[in-house]
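Peer 1: Our numbering numbers the first residue of the sequence shown as 19 and each following residue consecutively. Built from N, CA and C at the ideal position, the CB exists for glycine as well. Could you have a look at this structure, given as structure tokens, before my questions?
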Amino acid sequence: MRYFAAAAEAAGCTEESVRIGEGADLGALRSVLVERHGPKMERVLTVAAFLQDDELTRDLGLVAASRVDVLPPFAGG
Numbered sequence: 019m020r021y022f023a024a025a026a027e028a029a030g031c032t033e034e035s036v037r038i039g040e041g042a043d044l045g046a047l048r049s050v051l052v053e054r055h056g057p058k059m060e061r062v063l064t065v066a067a068f069l070q071d072d073e074l075t076r077d078l079g080l081v082a083a084s085r086v087d088v089l090p091p092f093a094g095g
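In structure tokens:
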């Protein structure tokens, strides 16, 4: 996992390893992150997108890739 901006702040780090079951989807990953990091991460994830395999998605039904980035909305331009 890599975190950026508000997601990094909520996680307290910019990278970490997260183990989920093989074939688990992004929804399962989201649940693990909320359990691990609490309500602040939950708020971030409600508006964040995930980047995996160079594709941006908000589809929590997709199977999670081996590396996932959490991208909250960025301010500015």
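(1) Straight-line CA distance for V81 to L44?
(2) Looking at the secondary structure, which residues open and close the alpha helix (DSSP H) in which E27 lies?
(3) Give me the Cα-Cα distance between L51 and P57, rounded to the nearest whole angstrom.
(4) Within a Cβ cutoff of 8 Å, which residues of the same chain sit near V36, ignoring the five residues on either side of it in sequence?
(5) Report the residue from E34, A23, P90 and E27 whose alpha carbon sits nearest the alpha carbon of V65.
(6) Applying the criterion that 16 or more other CB atoms from any shown protein chain within 10 Å of the CB defines a buried residue, is L74 buried or exposed?
(7) For F92, count the other beta carbons within 10 Å of its own beta carbon; 16 or more makes it buried, fewer makes it exposed. Which is it?
Peer 2: Answer, in terms of the structure:
(1) Their backbone Cα atoms lie some 6 Å apart in a straight line.
(2) Where E27 is concerned, the enclosing alpha helix (DSSP H) stretches over A24 to A29.
(3) Our two residues, L51 and P57, have alpha carbons roughly 10 Å apart in a direct line.
(4) Within the same chain, and ignoring the five residues on either side of V36 in sequence, the residues whose Cβ sits closer than 8 Å to its Cβ are M19, L47, V50, L51 and R54.
(5) It is P90.
(6) By the neighbour-count rule (16 or more Cβ atoms within 10 Å), L74 is not buried but exposed.
(7) By the Cβ neighbour-count rule, F92 is exposed, with fewer than 16 other Cβ atoms within 10 Å of its own.
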